[in-house]
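Visitor:
2 protein chains.
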Amino acid sequence: MNSRRPSPLPPPKTPVAAASPWRTNRERLRDRALKREAVIRAAAREFNRKGYHNTSLDDIAAALEVTKPTVYYYVTSKEQLLFQCFVAGVEQIRAAFRAVRELSVPARERLNAVLRHYGEAVASEFGWCMVRAEEQDLSPAMSRHIKSLKSEVDQGIRRLIREGIQDGSIEACDPKMTAFALAGALNWIAHWYREDQSLTGAQIATAFVTVFEGGLRPRRGALHIDARTRRRRARGTLAR
Amino acid sequence: MNSRRPSPLPPPKTPVAAASPWRTNRERLRDRALKREAVIRAAAREFNRKGYHNTSLDDIAAALEVTKPTVYYYVTSKEQLLFQCFVAGVEQIRAAFRAVRELSVPARERLNAVLRHYGEAVASEFGWCMVRAEEQDLSPAMSRHIKSLKSEVDQGIRRLIREGIQDGSIEACDPKMTAFALAGALNWIAHWYREDQSLTGAQIATAFVTVFEGGLRPRRGALHIDARTRRRRARGTLAR
DNA sequence: CTATTTCTTTACCCACGGGTAGGAATGCTA
DNA sequence: TAGCATTCCTACCCGTGGGTAAAGAAATAG
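Chains as they are written, first to last, in numbering that gives the first Met the number 0: chain A, 0 to 239; chain B, 0 to 239.
(1) Can you find the residues in the same chain that come closer than 6 Å, C-beta to C-beta, to Lys67 (chain B), ignoring five residues on each side of it along the sequence?
(2) Under 8 Å, do Asp153 (chain A) and Ala178 (chain A) count as touching if we go by C-beta distance?
(3) Figure out for me which residue from B:Glu108, B:Gln135, B:Ala206 and B:Gln196 has the closest Cα to the Cα of Leu185 (chain B).
(4) Using a Cβ-Cβ cut-off of less than 7 Å, give me the residues of the stretch 43-54 of chain A that come near chain B, in sequence order.
(5) List the endpoints of the continuous alpha helix (DSSP H) containing Val104 (chain A).
(6) Gln254 (chain A) lies in the alpha helix (DSSP H); which residues open and close that run?
(7) Residues in its own chain within less than 7 Å of Ala43 (chain A) by CB, not counting five upstream and five downstream?
(8) Work out the CA separation of Leu80 (chain B) and Ile39 (chain B) for me, nearest whole Å.
(9) Taking any Cβ of chain A, which residues in the stretch 167-191 of chain B have a Cβ under 8 Å from it, in chain order?
(10) Taking all protein chains shown into account, do 16 or more other C-beta atoms lie within 10 angstroms of the C-beta of Glu45 (chain B), making it buried, or fewer, making it exposed?
(11) If you measure from the beta carbon of Gly126 (chain B) to each beta carbon in chain A, is any gap under 8 Å?
(12) Is Ile92 (chain B) helix, strand or coil by DSSP?
(13) Nearest to Gln135 (chain B) by CA position, among B:Asp30, B:Phe82, B:Glu170 and B:Trp191, is which residue?
(14) Beta-carbon within less than 6 Å of Trp92 (chain A)'s beta-carbon, same chain only, minus the 5 sequence neighbours each way: which residues are those?
(15) Starting from Thr177 (chain B) and walking both ways along the alpha helix (DSSP H), at which residues does that stretch end?
(16) Return helix, strand or coil for His52 (chain A), following the three-state DSSP convention.
(17) Mind pulling the chain A residues with CB within less than 7 Å of Gln135 (chain B)?
(18) Would you decide whether Ser168 (chain A) is buried or exposed? Buried here means 16 or more other CB atoms lie within 10 Å of its CB.
(19) Going by beta-carbon coordinates alone, are Val208 (chain A) and Arg100 (chain A) separated by less than 8 Å?
(20) From the beta carbon of Arg218 (chain A), is the nearest beta carbon of chain B less than 8 Å away?
(21) What residue does the alpha helix (DSSP H) around Ala140 (chain A) start on, and which one ends it?
(22) Please report the straight-line C-alpha distance between Gln202 (chain B) and Trp191 (chain B), rounded to a whole angstrom.
(23) Please list, in chain order, the chain A residues whose beta carbon lies closer than 7 Å to that of Gly88 (chain B).
(24) Name the chain B residues whose beta carbon is nearer than 9 Å to that of Glu212 (chain A)?
(25) Starting from Thr75 (chain B), follow the alpha helix (DSSP H) in both directions and report where the run begins and ends.
(26) Return helix, strand or coil for Arg216 (chain B), following the three-state DSSP convention.
(27) Take the Cβ of Glu162 (chain B) as the centre, count every other Cβ of all protein chains shown within 10 Å, and call the residue buried at 16 or more, exposed below.
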């Protein structure tokens, strides 16, 4: 079905998804920028559900109860659509960096704040697009642009780690690898969050930061069990 | 160019990529299974470079210096190709679980061993396919199969974490979220490893395990700096 | 009330790529 | 040497989907 439809428009059966300013709120939301934004959001949602390559522009148009050329009226190409979604997502993270720059707390706390926002951004509607926008799907120019934004975020995290090591709030470590580990864990949220929304983005982010901070190795003061039990359990004879 | 080529086969200009058993080693590698395997590997490499959707079967065939129908002689569909790559990758991880089951060491050490193998698998030639094989690109049947394999790995990690908490080798934590964080960090390696191969898979895995174990918060006995410096640095007045 | 701009549609183009039909080599068997 | 099986190729099919031309509807201007 290539942007075709039975001539008489199907009556808007359900009261429309509220994100579609066309047939509803016709008077107020006439503004062009708003419509464009709605297109981007609809694209994000569809990419989210079916992936970039499995989403056709007809799908996006259908989600907005519009036809394909209308989408093209607000956007020049599919790749631009993906790009805009990416930017919308990454902008949230950049904002987190800006906000944190003002705080006069140890770098680890600033890092934690950034990571929390990072996690929430990945769990947001643009998370998938932000995380999965691949250079391979984009023109060289946009690919470069995305790469530089990604790199900016990466460098920001590394910087906070270095500062944390300097001011003593972060254990000495390799900033590059550590940044990769942190960002990777958070990015991956986008992969499972759709399937498992039992927690909010903020809750996940908090849980992750807790893991990052403490690590797996038990800290002193943790509960102790007697040596015999521990040895037995370590053998793997633990009941299932 | 749809599997077409100038009639006289272009002379094999370069001495062939060694992974293509067709024109070289004609006698020995005549075995069918080997050829099929070569097809899978070639597919993995191409998916790696350009992504699943941006790789055509003509591309894969070309990489093997063969034509498309030949590929179809060894494989029934593109999605099966992806599926096989996935299985090849995940099998390495399952093997790690099996190997570790015999060890009588604390669960944290067993977990670390698994994570190290996990990381190496992700950095291997099948890593990308394993990590990025999405249900959306596959038939329902294969999608289910992949999901169950993924879930098996996930549950395996959670189990080791629970056991570690039990035997005291792992700090108390939420096994589910912790498993997500660990697996996410490792999975993400597939995204940047192609671009940055400055470390081997084993080195990366080791570095990551170090981060996971210790966490960011400085442990007692770490180096201390005097309180004044720390406060000053924490202000963000640190020279860049 | 006409003219012009803005927005949306119908109807179409066509490259790409997954997949196949059928035949030609090649080799193996008798 | 005929006959059968395996392997690979040439040539093709056709659905999908990104993208466009051009005309119609709706709003705005003059």
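Just so it is clear, CB atoms sit at the ideal spot from N, CA and C, and this is done for glycine as well.
Guide: On the basis of the coordinates in this document:
(1) Ser2, Leu56, Asp57 and Ala60
(2) yes
(3) B:Ala206
(4) Lys49, Gly50, His52 and Asn53
(5) It is not in any alpha helix (DSSP H) - Val104 (chain A) carries neither H nor E in the DSSP assignment.
(6) Not covered by the structure: residue 254 (chain A). The range shown for chain A is 0 to 239.
(7) Cys84, Glu124, Phe125 and Cys128
(8) 6 Å
(9) Gly167, Ser168, Ile169, Glu170, Ala171, Cys172, Asp173, Met176, Thr177, Phe179, Ala180, Leu181, Ala182, Gly183, Ala184, Leu185, Asn186, Trp187, Ile188, His190 and Trp191
(10) buried
(11) no
(12) helix
(13) B:Phe82
(14) The sequence shown places Ile at residue 92 (chain A), not Trp. Cβ within range, chain order: Tyr117, Ala120 and Val152.
(15) Pro174 to Trp191
(16) coil
(17) Lys49, Gly50 and Asn53
(18) buried
(19) no
(20) yes
(21) Pro139 to Asp166
(22) 15 Å
(23) By Cβ distance, chain A contributes nothing, its closest Cβ being about 15 Å from Gly88 (chain B), past 7 Å.
(24) Gly214, Leu215 and Arg216
(25) No alpha helix (DSSP H) holds Thr75 (chain B); DSSP gives it neither H nor E.
(26) coil
(27) buried
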